[in-house]
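All remarks here apply to the structure that follows.
There are 2 protein chains.
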Amino acid sequence: MNIGEIARRAGVSRSTVSYALSGKRAVSEDTRRKIQRVIDELGYRPNASARALANGRTNTIGLVFPPAGNHYTGMQLDFIGSVVEAAAAHDYDVLLSPSGVDSDRSFQRLLGERRVDGAILMEIRLEDDRVDHLAALGFPSVAIGRTAHPEGTWWVGLDHTALAAACVHHLADLGHRRVAFVNRPAQLLRAGYESAHRGLDGFTKAAAERGLTVRTYCCGDDAASGQECLERILHDDPATSALVTLNEAALGGLYRGLAQAGRHVPRDFSVTGVVAGRWAETVTPQLTAADVPAEEMGRHAVDLLVERIDQPDAPPRHHLLTPPISLRASTGPGPGTASVDAP
Amino acid sequence: MNIGEIARRAGVSRSTVSYALSGKRAVSEDTRRKIQRVIDELGYRPNASARALANGRTNTIGLVFPPAGNHYTGMQLDFIGSVVEAAAAHDYDVLLSPSGVDSDRSFQRLLGERRVDGAILMEIRLEDDRVDHLAALGFPSVAIGRTAHPEGTWWVGLDHTALAAACVHHLADLGHRRVAFVNRPAQLLRAGYESAHRGLDGFTKAAAERGLTVRTYCCGDDAASGQECLERILHDDPATSALVTLNEAALGGLYRGLAQAGRHVPRDFSVTGVVAGRWAETVTPQLTAADVPAEEMGRHAVDLLVERIDQPDAPPRHHLLTPPISLRASTGPGPGTASVDAP
DNA sequence: CACTTCACGCGAACCGGTTCGATAACTGGT
DNA sequence: ACCAGTTATCGAACCGGTTCGCGTGAAGTG
Numbered sequence: 282m283n284i285g286e287i288a289r290r291a292g293v294s295r296s297t298v299s300y301a302l303s304g305k306r307a308v309s310e311d312t313r314r315k316i317q318r319v320i321d322e323l324g325y326r327p328n329a330s331a332r333a334l335a336n337g338r339t340n341t342i343g344l345v346f347p348p349a350g351n352h353y354t355g356m357q358l359d360f361i362g363s364v365v366e367a368a369a370a371h372d373y374d375v376l377l378s379p380s381g382v383d384s385d386r387s388f389q390r391l392l393g394e395r396r397v398d399g400a401i402l403m404e405i406r407l408e409d410d411r412v413d414h415l416a417a418l419g420f421p422s423v424a425i426g427r428t429a430h431p432e433g434t435w436w437v438g439l440d441h442t443a444l445a446a447a448c449v450h451h452l453a454d455l456g457h458r459r460v461a462f463v464n465r466p467a468q469l470l471r472a473g474y475e476s477a478h479r480g481l482d483g484f485t486k487a488a489a490e491r492g493l494t495v496r497t498y499c500c501g502d503d504a505a506s507g508q509e510c511l512e513r514i515l516h517d518d519p520a521t522s523a524l525v526t527l528n529e530a531a532l533g534g535l536y537r538g539l540a541q542a543g544r545h546v547p548r549d550f551s552v553t554g555v556v557a558g559r560w561a562e563t564v565t566p567q568l569t570a571a572d573v574p575a576e577e578m579g580r581h582a583v584d585l586l587v588e589r590i591d592q593p594d595a596p597p598r599h600h601l602l603t604p605p606i607s608l609r610a611s612t613g614p615g616p617g618t619a620s621v622d623a624p
Numbered sequence: 282m283n284i285g286e287i288a289r290r291a292g293v294s295r296s297t298v299s300y301a302l303s304g305k306r307a308v309s310e311d312t313r314r315k316i317q318r319v320i321d322e323l324g325y326r327p328n329a330s331a332r333a334l335a336n337g338r339t340n341t342i343g344l345v346f347p348p349a350g351n352h353y354t355g356m357q358l359d360f361i362g363s364v365v366e367a368a369a370a371h372d373y374d375v376l377l378s379p380s381g382v383d384s385d386r387s388f389q390r391l392l393g394e395r396r397v398d399g400a401i402l403m404e405i406r407l408e409d410d411r412v413d414h415l416a417a418l419g420f421p422s423v424a425i426g427r428t429a430h431p432e433g434t435w436w437v438g439l440d441h442t443a444l445a446a447a448c449v450h451h452l453a454d455l456g457h458r459r460v461a462f463v464n465r466p467a468q469l470l471r472a473g474y475e476s477a478h479r480g481l482d483g484f485t486k487a488a489a490e491r492g493l494t495v496r497t498y499c500c501g502d503d504a505a506s507g508q509e510c511l512e513r514i515l516h517d518d519p520a521t522s523a524l525v526t527l528n529e530a531a532l533g534g535l536y537r538g539l540a541q542a543g544r545h546v547p548r549d550f551s552v553t554g555v556v557a558g559r560w561a562e563t564v565t566p567q568l569t570a571a572d573v574p575a576e577e578m579g580r581h582a583v584d585l586l587v588e589r590i591d592q593p594d595a596p597p598r599h600h601l602l603t604p605p606i607s608l609r610a611s612t613g614p615g616p617g618t619a620s621v622d623a624p
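If you read the protein sequences in the order shown, they are chains A and B. Heads up: the first sequence runs through residues 282 to 624, numbered per the numbering used here. Heads up: the second sequence runs through residues 282 to 624, numbered per the numbering used here.
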């Protein structure tokens, strides 16, 4: 069931079979048919490893995703799915690689052993040695998120600064004056995660601009942490009337905390943030939020990566996305605001 | 940066380098050190494709997961994560393969082209041609879920029959008499998805045993469908006082539907089902449910698969898991039940 | 001192493809 | 009838590893 066997049965040489399949040289219609018949009979498919060895291409891209220790968020899931789909459209497979504790090891596997033609990096940090490393090697890669110095690199990212600011403005417009910010876990912030930093930045600046009183919190990636965080918020400043969150996994816990504190959303308290649309619609009331376009990001990332693999000298490209805030049901007028149905 | 280059610089033959690395033949301590030094200097790593070609092993397992058209559930996410992690522990990579519309094509990629040494199949159907196909080929694979005739195949599954029955008994014990069942989408049931069928079965039989009045529903994998499904339930029988669901993605919608119908959980209405623990804790009130042990299943699946790859003649093995119901806050006494705090 | 034994290292063949250069069989022009 | 130019095919080399069989020199033995 290898190319030699096909050649033998079709009465031609191995190279002729190869050319008949690839079409890189002319093969007479006669022999092509003869070869095709044998192939169909035997159900032959060329061996991927041999092909990869011969032409230096594995037709596989690596998806370097955060370690399982972190809880995965719905957004990441959607993203992975769309990457796989987009890759299939380009005839690429996707190899998952955990960038765990021992991120060097899996990196060596992917790149050193040439398992993949390129890589997509998730959960970028502002100073990311992985990005620097790949850039130094000239290895085709696309980052999901941008580092502090993204010039000259390929990436697709969300404008977290602008999104967090948009949330602040939305709340300020509604009359909220005391607003909390619920960030990703402290360890991620310390590690320099891009979304956590830029989001915090955008929030802080916009809040200052609007003269809001704010407090910022880090919160674990799970419901229990969310609930606990909300208790802290109300304890620190009971007059807080709204929050902005980047932490999708904590959302359910935040809502529960509000319910237990007897604050009705959106009458007594407004919630907004940056969350995958599908998950914003899962909670009640549905979350007014900047919907993370995970599918679009996955598609873009693959398109860029494939482009880069095909033309190694192409100039760097990127996509910076700024999805609008989808108005749903979790935000309302702030305290002391004259509202249409007030007496 | 290939093995020949290493050999040249170390002043030995290629085979010696190979043996020094694999340890399959003795190499003197002297030359081993010499070789190692060169390798360290150059950062050499053996090419995975070449190695795979030579020894017929790719050290990669395929994860055949449902098409993106379906919405992914949290359980699937946890599962994928744990598979990747467990595979890494066995020194295997994980290749994702969408078993989309054109499932044949990706199957051919994985198996025909020998990209993987074995495969894990998700979302099994009672009559699953993929399983039959792999069994016929003798290709190492482990199914997540069991077909109608699982004898002689390798699988790890959840006892959906028992779990759904346990939910019914739990509700019946609490005094509920009119109970609804919210299944996965109709198209999946028609397609013969194992969990949908066995769950429905277990529910129906247990309900008959306990003499309950039941209605069963199919529901899309998203919040909007969940809400709509709940409206249908209350419309069809307003006296319904509890539901059992297998549909994790619809859970948020079901809760919303209840809230909008003015039914308080668990006072007026009880909700339970089979859901990944992490997601059961996200909703408010937290869901009393049989927690899907996704991580454990991922680990088991990988362990079985690796075992099967290593010893092709080993007798079939499987794991059938029946996690207990975790009592949380979404179920309470049924209507007409004397309760401690009743007047 | 000749004779086995053993540790060590080498060369060649092989895994299954791709690709280059050469050759042979036709074609058409003069 | 001869030469240039196609067109279709073949053989050999190569990609970068692994593995088998053999040769060599040193150590062990009677």
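No residue lacks a Cβ here, since even glycine has one placed at the ideal position from N, Cα and C.
Residues in its own chain within less than 8 Å of H450/B by CB, not counting five upstream and five downstream? Your numbering for residue 450/B matches position 169 in the second sequence. Excluding positions up to five away in sequence, the list reads A487, R491.
Rounded separation between A369/A and P566/A - CA only: Counted from its first residue, the first sequence places residue 369/A at position 88. Counted from its first residue, the first sequence places residue 566/A at position 285. Rounded to whole angstroms, A369/A and P566/A show a C-alpha spacing of 37 Å.
Hey, would you say A557/B sits closer than 9 Å to V573/B, going by beta carbons? By one-based count along the second sequence, residue 557/B stands at place 276. By one-based count along the second sequence, residue 573/B stands at place 292. Annotated as proximal: A557/B and V573/B, with beta-carbon spacing under 9 Å.
So D572/A is in the beta strand (DSSP E); what residue range does that whole segment cover? Taking the first residue of the first sequence as 1, we reach residue 572/A at position 291. D572/A -> beta strand (DSSP E) spans 569-573.
At a Cβ threshold of 9 Å, is A369/B touching chain A? For the purposes of this step, residue 369/B is taken as residue 88 along the second sequence, with counting starting at 1. Closer than 9 Å to some Cβ of chain A, the Cβ of A369/B qualifies, so yes.
Quick one: grab the DSSP three-state call for I606/A. As a working note, residue 606/A is residue 325 in the first sequence. DSSP places I606/A in the strand class (E or B) of the three-state scheme.
Cβ-based burial, M282/B [other Cβ within 10 Å; buried from 16]: In the second sequence, residue 282/B corresponds to position 1, counting from 1. The residue in question, M282/B, is exposed, as its Cβ has fewer than 16 Cβ neighbours within 10 Å.
Please report whether the beta-carbon of E512/B lies at a distance below 9 Å from any beta-carbon of chain A. The sequence position of residue 512/B within the second sequence is 231, counting from 1. No, because no Cβ of chain A sits closer than 9 Å to the Cβ of E512/B.
According to DSSP, residues forming a beta bridge with N464/A: Your numbering for residue 464/A matches position 183 in the first sequence. Residue pairing from DSSP places N464/A in a beta bridge opposite C499/A.
What's the call for E408/B, buried or exposed, on a 16-neighbour Cβ count within 10 Å? The residue given as residue 408/B occupies position 127 in the second sequence. Counting Cβ neighbours within 10 Å, E408/B comes out exposed, since fewer than 16 surround it.
Give me the chain B residues within the contact set of S330/A, using Cβ-Cβ distance strictly less than 7 Å, ordered along the chain. Here the question's residue 330/A lines up with position 49 in the first sequence. Counting only Cβ-Cβ distances below 7 Å, S330/A has contacts in chain B at S330, A333, L334, T339, R395, in chain order.
Buried versus exposed call for L418/B [16 or more other C-beta atoms within 10 Å across all chains shown]: Start at 1 with the first residue of the second sequence, and residue 418/B comes out as number 137. L418/B should be labelled exposed.
Assess, as a yes-or-no matter, whether the segment 428-438 of chain B is touched by the segment 410-417 of chain A under the definition of 3 or more beta carbon pairs within less than 8 Å. By the Cβ test, the segment 410-417 of chain A is not in contact with the segment 428-438 of chain B, since fewer than three Cβ pairs between them sit closer than 8 Å.
Cross-chain neighbours of A504/A in chain B, by beta carbon under 7 Å: The residue labelled residue 504/A in the question sits at position 223 within the first sequence. Result: E562, T563.
Spatially closest choice to H478/A from D517/A, A447/A, D440/A, V397/A, by CA coordinates: In the first sequence, counting from the first residue as 1, residue 478/A sits at position 197. Nearest option by C-alpha distance: D440/A.
Express the C-alpha separation of R458/B and L626/B in angstroms, rounding to a whole number. In this structure chain B extends from 282 to 624, so residue 626/B is not present and cannot be described.
Assigned secondary structure, W436/A (DSSP; H/G/I helix, E/B strand, else coil): As a position in the first sequence, residue 436/A is number 155, starting the count at 1. Note: W436/A maps to strand in three-state DSSP.
Proximal residues to T521/A (C-beta, below 6 Å), its chain only, five neighbours per side dropped: Mapped onto the first sequence, residue 521/A falls at position 240. Cβ neighbours of T521/A beyond the five flanking positions: R459, A461, I514.
Tell me, to the nearest whole angstrom, how far the beta carbon of T553/A is from that of C448/A; I am working on the premise that it is less than 8 Å. Locating residue 553/A in the first sequence gives position 272, where the first residue counts as 1. Locating residue 448/A in the first sequence gives position 167, where the first residue counts as 1. Yes, T553/A and C448/A are in contact; Cβ-Cβ is about 5 Å, under 8 Å.
Take the Cβ of G579/A as the centre, count every other Cβ of all protein chains shown within 10 Å, and call the residue buried at 16 or more, exposed below. Sequence index remark: in the first sequence, residue 579/A carries index 298 (1-based). Under this definition G579/A is a buried residue.
Which partner residues does P379/B have in the DSSP bridge list? Here the question's residue 379/B lines up with position 98 in the second sequence. DSSP output for P379/B lists F346/B as bridge partner(s).
Give every residue of the same chain whose Cβ lies closer than 6 Å to the Cβ of T341/A, excluding the five residues on either side of it in the sequence, and list them in chain order. Counting from one through the first sequence, the residue named residue 341/A turns up at place 60. These residues qualify, in order along the chain: D374, L376, V397.
Count the other C-beta atoms from every protein chain shown that fall within 10 angstroms of the C-beta of N528/A, then say buried if there are 16 or more, exposed otherwise. By one-based count along the first sequence, residue 528/A stands at place 247. So N528/A counts as buried.
For the segment 307-349 of chain A, list the alpha helix (DSSP H) runs that are entirely contained and at least 4 residues long, ordered along the chain. Listed in chain order, the complete alpha helix (DSSP H) runs (minimum 4 residues) inside the segment 307-349 of chain A are 310-323, 329-336.
Could you tell me which whole beta strand (DSSP E) segments of length 3 or greater appear in the segment 513-564 of chain B? Annotation: the segment 513-564 of chain B contains the following complete segments of the beta strand (DSSP E) (minimum length 3 residues), in chain order: 523-526, 551-557.
In its own chain, which residues sit with a C-beta less than 6 Å from the C-beta of P327/A, not counting the 5 before and 5 after it? The residue labelled residue 327/A in the question sits at position 46 within the first sequence. Residues of the same chain with their beta carbon placed closer than 6 Å to that of P327/A are lacking, with the five preceding and five following residues left out of the count.
Quick check: the segment 463-483 of chain B against the segment 493-511 of chain B, are there 3 or more CB pairs under 8 Å? Look at the beta carbons and you see the segment 463-483 of chain B touching the segment 493-511 of chain B: at least three pairs across the two are nearer than 8 Å.
For F484/B, which residues in the same chain have their Cβ closer than 8 Å to its Cβ, ignoring the five residues on either side in sequence? To locate residue 484/B, count along the second sequence from 1; it is residue 203. Hits under 8 Å: A445, A446, C448, V449, F462, V495, T497, V525.
Note down, in chain order, all residues in the segment 522-542 of chain A with a beta-carbon under 7 Å from any beta-carbon belonging to chain B. Against chain B - using a Cβ distance shorter than 7 Å - the residues of the segment 522-542 of chain A are G533, Y536, R537, A540.
Where do the ends of the alpha helix (DSSP H) carrying A291/A lie? The residue labelled residue 291/A in the question sits at position 10 within the first sequence. Its alpha helix (DSSP H) spans residues 284-291.
Proximal residues of chain A, C-beta to C-beta of Y353/B below 9 Å: Counting from 1 along the second sequence, the entry for residue 353/B is found at position 72. By Cβ distance, chain A contributes G355, L358, D359, I361, G362.
Does DSSP classify R589/A as helix, strand or coil? Residue 589/A sits at position 308 when you count from the first residue of the first sequence. Secondary structure of R589/A (DSSP, three-state): helix.
For A623/B, which residues from the same chain have a beta carbon less than 8 Å from its beta carbon, with the 5 sequence-adjacent residues on both sides left out? Indexing the second sequence from 1 puts residue 623/B at position 342. Residue confidence for A623/B is low, a pLDDT of 42 falling below 50, so the modelled location carries little weight; the figure read from the coordinates is stated next. Same-chain partners within the cutoff: there are none.
Taking Cβ-Cβ distances shorter than 7 Å, what residues in chain B pair up with L377/A? For this step, residue 377/A is matched to residue 96 along the first sequence. Chain B residues near L377/A: V365, V375, L377.
Cross-chain neighbours of R559/B in chain A, by beta carbon under 9 Å: Numbered from its first residue, the second sequence carries residue 559/B at position 278. Close partners of R559/B in chain A (Cβ separation under 9 Å): H352, D503, A504, A530.
Using Cβ-Cβ distances below 9 Å, what residues of the segment 591-613 of chain B are close to chain A? Answer set for the segment 591-613 of chain B: empty.
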